[in-house]
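Take a look at the structure below.
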Amino acid sequence: MGEEGETIEFYSGDETLVFWNMDDYPIPVGIDNLRSNIEEALDQMGFRGHKDFNVHCEQLNCETKEELGKAGFFYLGHPQWWIPLRSP
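Numbering (the working numbering), first residue to last: 11 to 98.
Following this line, the structure appears as structure tokens:
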């Protein structure tokens, strides 16, 4: 592909879906800025259409669900169709 550290550019005016697996990758401190940081990174890479942010987690406390909602994330719960993208 490209050189290390090189930005790979895309262009899409279509909808972009972001899925976050919080079981394997917990959201770091500072959830308030997380969505805007991800949106900015996607915009810089050329993904300029509407963006939906979805979170998957088998066990999530009510306080965290509320924080996610305020930050603009949609909680998916534990859907039966969830397919991990990496091998265990």
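The C-beta atom is built at its ideal place from N, Cα and C for all residues, glycine as well.
State the Cα-Cα distance for the pair residue i and residue j, rounded to the nearest angstrom.
i: Val65; j: Phe57; result: 20 Å
i: Trp30; j: Phe63; result: 8 Å
i: Val28; j: Asp34; result: 15 Å
i: Cys67; j: Gly82; result: 16 Å
i: Asn47; j: Met32; result: 17 Å
Tell me, please, which residues DSSP counts as bridged to residue i.
i: Ser22; result: Phe57
Taking 8 Å as the CB-CB cut-off, is residue i touching chain D?
i: Glu77; result: No chain D appears in the structure shown, which is made up of a single protein chain.
Excluding the five sequence neighbours on either side, which residues of its own chain have a C-beta within less than 7 Å of the C-beta of residue i, listed in chain order?
i: Gly59; result: Ser22, Gly23, Asp24, Glu25, Thr26
i: Glu49; result: Lys61
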